[in-house]
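Report on the structure given below.
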Amino acid sequence: MIFFIEVVLSGLMAGVMYSLVALGFVLIFKASGIFNFAQGVMALFAALTLVGLMEKFGMPIWLAIIGTIAVMIALAWAIERFMLRPLVNQEPIILFMATIGLAYVLEGMGDILWGSDVKMLDLGIPQGASDWMLDSFDIYIEKLEIFAAATAAVMVTFLAIFFQKTRIGRALRAVADDHQAALSVGISLNTIWVIVWSVAGIVALVAGIMWGSKSGVQFSLSLIALKALPVLILGGFTSVPGAIIGGMIIGVGEKVAEIYLGPIIGGAIENWFAYMLALAFLLFRPQGLFGERIIERV
Amino acid sequence: MIEHKIGGEMLKVENISLSFGIMKVLDDISFDIKRGEIRSIIGPNGAGKSSMLNVINGFYHPQQGSITFKGETRKQMAPHVAASHGIARTFQNIALFKGMSTLDNIMTGRNLKMKTNLFWQALHIGPARTEELENREAAERIIDFLDIQAIRKKPVGKLPYGLQKRVELGRALAAEPELLLLDEPMAGMNSEEKEDMCRFVLDVNSEFGTTIALIEHDMAVVMDLSDRVLVLDYGKQLADGLPDEVRNNQTVIDAYLGIPHEQD
Chain D
2 MIFFIEVVLS
12 GLMAGVMYSL
22 VALGFVLIFK
32 ASGIFNFAQG
42 VMALFAALTL
52 VGLMEKFGMP
62 IWLAIIGTIA
72 VMIALAWAIE
82 RFMLRPLVNQ
92 EPIILFMATI
102 GLAYVLEGMG
112 DILWGSDVKM
122 LDLGIPQGAS
132 DWMLDSFDIY
142 IEKLEIFAAA
152 TAAVMVTFLA
162 IFFQKTRIGR
172 ALRAVADDHQ
182 AALSVGISLN
192 TIWVIVWSVA
202 GIVALVAGIM
212 WGSKSGVQFS
222 LSLIALKALP
232 VLILGGFTSV
242 PGAIIGGMII
252 GVGEKVAEIY
262 LGPIIGGAIE
272 NWFAYMLALA
282 FLLFRPQGLF
292 GERIIERV
Chain W
2 MIEHKIGGEM
12 LKVENISLSF
22 GIMKVLDDIS
32 FDIKRGEIRS
42 IIGPNGAGKS
52 SMLNVINGFY
62 HPQQGSITFK
72 GETRKQMAPH
82 VAASHGIART
92 FQNIALFKGM
102 STLDNIMTGR
112 NLKMKTNLFW
122 QALHIGPART
132 EELENREAAE
142 RIIDFLDIQA
152 IRKKPVGKLP
162 YGLQKRVELG
172 RALAAEPELL
182 LLDEPMAGMN
192 SEEKEDMCRF
202 VLDVNSEFGT
212 TIALIEHDMA
222 VVMDLSDRVL
232 VLDYGKQLAD
242 GLPDEVRNNQ
252 TVIDAYLGIP
262 HEQD
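So the protein lines, in turn, are chains D and W. Each step along the first sequence adds one to the number in the working numbering, with nothing skipped, and position 239 is 240. Each step along the second sequence adds one to the number in the working numbering, with nothing skipped, and position 46 is 47.
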C-alpha cells in the first residue's frame, strides 16, 4: 500500500512539472488563439539566460532572475513587434508556423549567446529525498518536486486572481473572446500581446528553473514541450486549472502504468502512455476536461 | 419627437471614399453629427451604413477624405484611439465576450476608465482594488439603468438575443462615451423588445446627453427617434436632412422607402 501511495505521489509531483510547461501554452492560447510551438524552447532559453547571467557575469541569483525576467519581457516585445504585428488577422495555422520559426531562432540564439554545452543550474533549491516524508511515512519524495509543486500552487493562485479580478485580466479574456469587440472598448491588442507573452515568458522561466535543476540545462529541455501536449489535450487548451490537473493525471497515469502494467506488456510504457491517454481523450472529449464548451445559439 | 438640446458640430466626415479591391463601398460621403443629436443612417442592405460606422471608429481606413472629431482632423483613427477619445459602439452581429458574465462584459467597457498599472494590478491591492470597486459601482448603475440585474452573473453566450443586445449597449455605455454608434440595435427584436430599446436610446440621449449615430431598418423607429437622417445607397449619398424631408424625398422613396423593406 505504501508503495502504491509512493508511486501516486511521485507521479503527482512529476505531473506538476509537466503542468508548469503546459501553463505557458494555455496563457498564450487563451489570449490569442495561437498554439505557441516555441514554449518549450522559451523555457530552455530562459534557463540558459539565467545560468549565463550567473556564470559569465557573476551575478547573484536574485539579480540574475530579475535580469532574465527583463530579457523575457524584451523578448515578448520583440515577438509582438516583429512577428505578431505583421501577421495580424492571418489564419491561426500561419501564426503557428511562425512560432515554429521562432523556436529555431530562439534555439540558435541560446546557443550563440551562451554556448551549447550542458550546464548545471544550482539555485540552492533543496535536492535529494525529503527526510521528513521518509522518516514519518516511509515514502520517498524528491525535495525538488515538493518545491516545484509549491511554486506551481503559488503561481496558479496568482494567475487565477490576475485573470478573474483585474482590469488587465479581463482585457486578456476579452481579447481571447472577440478581437473586434475588444478593440471597440479601447483595448490595444499590441499591449495585450506583449503582456501575455511576457507572462508566458516568466512561466517558461519557472519551468526552465525546475527542469534545469532536475536534469541540467541542455537542449533536451525544449523537448519537454512535447510532454505538455497530452497535458493540454486532457486539461483543455483554455483552462489554467485544466493544465494543472491534466499534468497531474498524466504524471500519475504514467507512473502507475509503468509499474503495474509495464511488467505485463514488457515495460517502457512511460514514454508513450501519455500520448495514448491523449488519443483516448481526443476521441471522447475533444475539448478536454475543463476546456470551454463552444456555446452557440442557433 | 422629444425635445433636447443640440449643440455644435461634434463629428464631420468629408469626402470619404472607401473601396475593397475594385468594389467601391463608400463614394464621396460627407456629413456631420452635432453634439447631442440622434443621427440616423438608413439605406438598403449593402448601402455602406456599417462601413461608415467602421470608418468612424477606425476599423476601416478610407482611401480618401478626412474625419474631424472634436475639432481634430484625421485621415483615419486606430480603434483604441477612437475609443479613448470617447467613441463607443455596438455591432450588427452582436460582438460580446461570450464566455464572460454580464457584469464582466460591462466592466470591460470601463477598461479606459481604469488607470492603475500592471504592478498594482498584478498584486491586486492598494489603488487597483479601490479603482476596481469604484468602477464596479459605475457598472452596477448601468445594470440598473438597463434593468438587467437578474442576469448580472450569467455568461452572456447563454442569454436570449434581445438581452444580449441590451448587454452590448451596456458595455458601450460603460465607457461613458460622447459619441455612441449603434449598428441596428433593434434588428431581430419583437415589438416589445423594440419599444424597450427605443426607450433606452432616448433616455441615453436625453439623460446623459450622449450623441448617437444610429443605423436602423425600422422606418417608424427611425422617423420617431432621429433629429436628422442620412440616406445611403450603393455607397452613394442619396439624401440628408430632417426626417420629414427625407420621407418626402422622391429619390429616397424610389430607391428605398417605396419598396417594402425586408424585416431582419
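The beta carbon of each residue, even a glycine, is placed where N, CA and C say it ideally should be.
Q.
Alpha carbons only, please: which of W:26, W:250, W:188 and W:229 is nearest the one belonging to residue 217 of chain W?
A. Taking the first residue of the second sequence as position 1, residue 217 of chain W is located at position 216. Closest by alpha carbon: W:188.
Q. Whose Cβ in chain D lies nearer than 8 Å to the Cβ of residue 85 of chain W?
A. Working through the second sequence from its first residue, we reach residue 85 of chain W at position 84. Per Cβ cutoff of 8 Å: 187.
Q) Where do the N-terminal and C-terminal ends of the alpha helix (DSSP H) with residue 204 of chain D fall, by residue? A) The sequence position of residue 204 of chain D within the first sequence is 203, counting from 1. Looking at the DSSP string, the run of the alpha helix (DSSP H) that includes residue 204 of chain D is 190 to 216.
Q) Is DSSP giving residue 111 of chain W helix, strand or coil here? A) For the purposes of this step, residue 111 of chain W is taken as the residue at position 110 of the second sequence. In the structure shown, residue 111 of chain W falls within a coil segment according to DSSP collapsed to helix, strand and coil.
Q. Just to confirm, does residue 104 of chain D get its C-beta within under 7 Å of one of the non-hydrogen atoms of the ligand PLP?
A. As presented, the structure is devoid of all ligands, the ligand PLP included, so that no description of it is given.
Q: Anything in chain D within Cβ reach of residue 176 of chain W, meaning under 8 Å, just list it in chain order.
A: By 1-based counting over the second sequence, the position of residue 176 of chain W is 175. Against chain D, the beta carbon of residue 176 of chain W has neighbours under 8 Å at 186 and 187, listed in chain order.
Q. Can you find a C-beta in chain W that's less than 8 Å from the C-beta of residue 168 of chain D?
A. Within the first sequence, numbered from 1, the residue matching residue 168 of chain D stands at position 167. With 8 Å as the cut-off, residue 168 of chain D counts as an interface residue toward chain W.
**Q.** Contact list for residue 112 of chain D against chain W, beta-carbon separation under 8 Å
**A.** Working through the first sequence from its first residue, we reach residue 112 of chain D at position 111. Correct list: empty, because the minimum Cβ distance to chain W is about 32 Å.
Q) With a cut-off of 8 Å, do at least 3 Cβ pairs link the stretch 31 to 51 of chain D to the stretch 220 to 237 of chain D? A) Judged by Cβ distances under 8 Å, the stretch 31 to 51 of chain D makes contact with the stretch 220 to 237 of chain D, as three or more pairs qualify.
Q) Looking only at C-alpha atoms, which of W:169, W:129 and W:84 sits nearest to residue 143 of chain W? A) Here residue 143 of chain W refers to the residue found at position 142 of the second sequence. Out of W:169, W:129 and W:84, W:169 has the C-alpha closest to the C-alpha of residue 143 of chain W.
Q.
Tell me which residues of the stretch 96 to 111 of chain W have at least one Cβ-Cβ distance to chain D shorter than 7 Å, keeping chain order.
A. Taking 7 Å as the Cβ-Cβ cut-off against chain D, the residues of the stretch 96 to 111 of chain W that qualify are 96, 97, 98, 99, 100, 101, 105, 108, 109 and 110.
Q | Span separating the alpha-carbon of residue 4 of chain D from that of residue 133 of chain W | A | For this step, residue 4 of chain D is matched to residue 3 along the first sequence. For this step, residue 133 of chain W is matched to residue 132 along the second sequence. Approximately 50 Å, taken between the alpha carbons.
Q. Three-state secondary structure (DSSP) at residue 16 of chain D?
A. Stepping through the first sequence from its first residue, residue 16 of chain D is reached at position 15. Residue 16 of chain D falls in the helix class under three-state DSSP.
**Q.** residue 62 of chain W: contacting residues in chain D (beta-carbon distance under 9 Å)
**A.** In the second sequence, counting from the first residue as 1, residue 62 of chain W sits at position 61. Contacts between residue 62 of chain W and chain D, judged by CB atoms closer than 9 Å, are missing: the closest CB pair is about 13 Å apart.
Q: Could you tell me whether any Cβ in chain W is nearer than 8 Å to the Cβ of residue 179 of chain D?
A: Residue mapping note: residue 179 of chain D aligns to position 178 of the first sequence, counting from 1. Yes, because at least one Cβ of chain W sits closer than 8 Å to the Cβ of residue 179 of chain D.
Q.
Can you tell me whether residue 86 of chain D is helix, strand or coil according to DSSP?
A. In the first sequence, counting from the first residue as 1, residue 86 of chain D sits at position 85. Coil.
Q) What residues of chain W sit near residue 172 of chain D, judged by a beta carbon separation below 9 Å? A) The residue labelled residue 172 of chain D in the question sits at position 171 within the first sequence. Near residue 172 of chain D (Cβ distances below 9 Å), the residues of chain W are 109 and 112.
Q | 9 Å Cβ cut-off: residues of chain W touching residue 175 of chain D | A | Position 174 of the first sequence, counted from the start, is the residue given in the question as residue 175 of chain D. Within chain W, the C-beta atoms nearer than 9 Å to that of residue 175 of chain D come from 98, 101, 105, 106, 109 and 112, in chain order.
Q.
Suppose you measure from the CA of residue 148 of chain W to the CA of residue 180 of chain W; what does that come to, to the nearest Å?
A. Counting from 1 along the second sequence, the entry for residue 148 of chain W is found at position 147. Counting from 1 along the second sequence, the entry for residue 180 of chain W is found at position 179. The straight-line gap from Cα to Cα measures roughly 22 Å.
Q: With 8 Å as the threshold, decide whether the Cβ of residue 71 of chain D is near any Cβ in chain W.
A: Within the first sequence, the letter at position 70 stands for residue 71 of chain D. Closer than 8 Å: no.
Q. In angstroms, rounded to a whole number, what distance separates the CA positions of residue 20 of chain D and residue 162 of chain D?
A. Taking the first sequence and counting its residues from 1, the one referred to as residue 20 of chain D is at position 19. Taking the first sequence and counting its residues from 1, the one referred to as residue 162 of chain D is at position 161. Looking at the two C-alpha atoms, the distance is approximately 18 Å.
Q | CB contact check: residue 182 of chain D to chain W, cutoff 8 Å | A | Position 181 of the first sequence, counting from 1, holds the residue named residue 182 of chain D. Residue-level contact check: residue 182 of chain D touches chain W, since one or more beta carbons of chain W fall below 8 Å from its beta carbon.
(Q) Using the Cβ count rule (16 or more neighbours within 10 Å means buried), how would you classify residue 185 of chain W? (A) One-based indexing of the second sequence puts residue 185 of chain W at position 184. Around the beta carbon of residue 185 of chain W, 16 or more other beta carbons lie within 10 angstroms, which makes this residue buried.
Q: Return the CA-CA distance between residue 27 of chain D and residue 64 of chain W, expressed in angstroms with no decimal places.
A: Stepping through the first sequence from its first residue, residue 27 of chain D is reached at position 26. Stepping through the second sequence from its first residue, residue 64 of chain W is reached at position 63. Across the structure, residue 27 of chain D and residue 64 of chain W are spaced so that their CA atoms are roughly 39 Å apart.
(Q) I'd like to know whether the C-beta of residue 287 of chain D is nearer than 8 Å to at least one C-beta of chain W. (A) Here the question's residue 287 of chain D lines up with position 286 in the first sequence. Between residue 287 of chain D and chain W, the shortest Cβ-Cβ separation is not below 8 Å.
Q: Please name the residue in W:198, W:107 and W:94 whose C-alpha comes closest to that of residue 153 of chain W.
A: If you number the second sequence from 1, residue 153 of chain W lands on position 152. A check of alpha carbon separations from residue 153 of chain W across W:198, W:107 and W:94 identifies W:107 as the nearest.
Q | 3 or more residues per run - each beta strand (DSSP E) lying fully within the stretch 119 to 203 of chain W | A | Counting only runs of 3 or more, we get 180 to 184.
Q. With a CB to CB cut of under 6 Å and the five nearest residues on each side skipped, what residues in its chain are close to residue 238 of chain W?
A. To locate residue 238 of chain W, count along the second sequence from 1; it is residue 237. Within the same chain, residue 238 of chain W has close Cβ partners 30.
Q.
From the DSSP secondary-structure annotation, give me the bridge partner or partners of residue 102 of chain W.
A. Locating residue 102 of chain W in the second sequence gives position 101, counting from the first residue. Bridge partners of residue 102 of chain W: W:156.
Q | Below-8 Å beta-carbon distance, residue 146 of chain W vs any chain D residue | A | As a working mapping, residue 146 of chain W is identified with position 145 in the second sequence. No, no contact with chain D.
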